[in-house]
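Residue numbers (the working numbering): 16 to 95. Backbone N, C-alpha and C fix where the C-beta goes; we use that ideal spot for every residue, glycine too. Each remark here refers to the structure printed beneath this line.
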């Protein structure tokens, strides 16, 4: 899955398509950023996306599903 791959947390700024108005907030491993977004209140998660290096953009629904996977390495950081 590439849990340790470089990734960026993006704030989705409404309007346009998927990449319209994205603002980069922080960087870290893919797993760290998944744990961060998954730990947020559900109503706030929609505002974020994760761009994984060499891969693609992951939106809130997919981030939640990744955090729930049995092979997710940071389960203790996420109370899902």
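If the five residues before and after residue 75 are omitted, its C-beta is found closer than 6 Å to the C-beta atoms of 60 and 61, all from its own chain and listed in chain order. Around the C-beta of residue 68, fewer than 16 other C-beta atoms lie within 10 Å, and the residue is accordingly described as exposed.
Taking C-alpha positions only, residue 71 is separated from residue 21 by approximately 12 Å.
Boundaries for residue 60: no beta strand (DSSP E) harbours it, while the alpha helix (DSSP H) harbouring it runs 57-60, taken from the DSSP string. Sequence-distant Cβ neighbours of residue 39 in its own chain, meaning closer than 7 Å and more than five residues away, are 23 and 25. Scanning its chain for C-beta atoms nearer than 6 Å, with the 5 sequence neighbours on each side dropped, one finds around residue 49 the residues 78, 81 and 82, in chain order.
Shown here, residue 87 sits in coil according to DSSP, grouped into three states, outside any helix or strand.
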